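Worksheet: the structure to be examined is printed underneath.
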Amino acid sequence: MKRKLAISLLLVLVLSLALPLSASALSGGNLGYVTDSAGILTAEQQAELESIAAGISERYQCGVYIVTTQDYTEFGRGSIENCAREIFDRYLIGFGETGDGILFLVSMAERDFYIDVHGSFGNYAFPHRVDDTLDESFLPSFRENDWYGGFKAYLTTVEQLLVPAEREAEQEKLFSAGKGVGAVVVGLLSALGVTGGMKRKMKTAVEKRDADDYMTVTSPHMRVVQDHFLNRTRTVQVVQQESRSSGGHSGGGFSGHSGHGGKF
Numbered sequence: 006m007k008r009k010l011a012i013s014l015l016l017v018l019v020l021s022l023a024l025p026l027s028a029s030a031l032s033g034g035n036l037g038y039v040t041d042s043a044g045i046l047t048a049e050q051q052a053e054l055e056s057i058a059a060g061i062s063e064r065y066q067c068g069v070y071i072v073t074t075q076d077y078t079e080f081g082r083g084s085i086e087n088c089a090r091e092i093f094d095r096y097l098i099g100f101g102e103t104g105d106g107i108l109f110l111v112s113m114a115e116r117d118f119y120i121d122v123h124g125s126f127g128n129y130a131f132p133h134r135v136d137d138t139l140d141e142s143f144l145p146s147f148r149e150n151d152w153y154g155g156f157k158a159y160l161t162t163v164e165q166l167l168v169p170a171e172r173e174a175e176q177e178k179l180f181s182a183g184k185g186v187g188a189v190v191v192g193l194l195s196a197l198g199v200t201g202g203m204k205r206k207m208k209t210a211v212e213k214r215d216a217d218d219y220m221t222v223t224s225p226h227m228r229v230v231q232d233h234f235l236n237r238t239r240t241v242q243v244v245q246q247e248s249r250s251s252g253g254h255s256g257g258g259f260s261g262h263s264g265h266g267g268k269f
């Protein structure tokens, strides 16, 4: 009897460990790059996808996350869009000051998905015009219930979109830096030109010590001619320029949430 009880308890323990993570498991701790709460991936598949997503995230400094769940309503009320944003904000995922990243949420109950993008670079790399490109990468596999194949194709497409985005972002940085350096150089050259012209004009000047040295034939007659210049005073008025705000978000672009969803 004791042996049967021990075996039963062992089976319960094994089954509890084998069960997929529930939404409550996402309420604390760190969020990995691939979280399979729905249990639609094998351990080997999840580990491989985790490695791929981590490599892409570190390489481009833009977090790439996948979360599956049986029913997104386990996370709270509202739409799957709100759920995706809730996960993103709750765990403070993403890279950099603006939290650059992309979160792919899959809900199995009604076969829903939502892709949430966040951060200035995230929104730059994944604008609305690439929505179809992202969807077409995984939908064919998902419709055949090939979750691993769909996620792997999705990660491949994400990296393909990040490559040119990073290149363009770097070029913009270099262009902006070049404009700044160019402005400084032009300013210095202009200043040198002005001072050089002034110096050339001053070469013809002859020092005059007495006031009568400045008298010309057309100057009015002055009775006192022995005055000497002892000092000279110059008044400079500083004009304050009105400060202006360029508006928009820091980082050169929209840094909030954007995204899209659908059915598979």
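Counting in my numbering, the sequence shown tops out at residue 269, every number present.
Glycine included, C-beta positions come from ideal geometry on N, C-alpha and C.
For clarity, every value in this text was computed on a predicted model and none was experimentally measured.
C-alpha gap between residue i and residue j, whole angstroms
i    : j    : result
R134 : F109 : 17 Å
Y77  : D117 : 9 Å
G99  : S263 : 14 Å
C67  : E102 : 11 Å
V269 : L160 : The amino acid at residue 269 is misidentified as Val; the sequence shows Phe. In a straight line, the C-alpha of F269 is about 17 Å away from that of L160.
F259 : L36  : 24 Å
H43  : L144 : The sequence as given places Ala at residue 43; His does not occur at that position. Each residue's Cα considered, the two are about 18 Å apart.
R172 : F126 : 12 Å
P169 : E49  : 31 Å
Q51  : I57  : 10 Å
S146 : T162 : 14 Å
P132 : D41  : 26 Å
Q176 : E149 : 41 Å
E86  : E55  : 23 Å
Q246 : G104 : Unreliable placement is indicated for Q246, whose pLDDT of 30 sits below 50; the coordinate value is still reported in the next sentence. Going by the C-alpha atoms only, they are around 35 Å apart.
For residue i, the first and last residue of its enclosing beta strand (DSSP E)
i    : result
G267 : 262 to 268
T40  : 39 to 41
I107 : 106 to 112
F118 : 117 to 123
Candidates the options: closest to residue i by CA position
i    : options               : result
A114 : T74, L139, F143       : T74
Y153 : T47, Q66, D140        : T47
I71  : F93, E171, N87        : F93
C88  : D137, N128, V111      : V111
D136 : E173, R172, V122, L54 : V122
D151 : T40, G261, I45        : I45
E53  : F147, F156, T138      : F156
L139 : E149, E164, G124      : E164
A300 : G261, N128, S146      : This structure cannot speak to residue 300, because the chain is shown only from 6 to 269.
G261 : S146, R148, A170, E91 : E91
Cβ-Cβ separation, residue j to residue i (assumed contact under 8 Å), whole Å
i    : j    : result
A158 : S142 : 5 Å
Y119 : G266 : 4 Å
Y38  : L167 : Contact flag wrong, Cβ pair sits at about 14 Å.
V69  : G106 : 7 Å
Limits of the alpha helix (DSSP H) - the one that residue i falls within
i    : result
T2   : Only positions 6 to 269 of the chain appear in this structure, which leaves residue 2 out of reach.
I61  : 48 to 65
Y96  : 85 to 96
E79  : Where E79 is concerned, there is no enclosing alpha helix (DSSP H), given that its DSSP letter is neither H nor E.
D136 : 136 to 147
Residue i at chain B interface by Cβ criterion, 8 Å
i   : result
G44 : Of the protein chains in the structure, only one exists, and it is not chain B.
Counting beta carbon pairs with one atom in the region 79 to 92 and one in the region 58 to 65, are three or more of them shorter than 8 Å?
no
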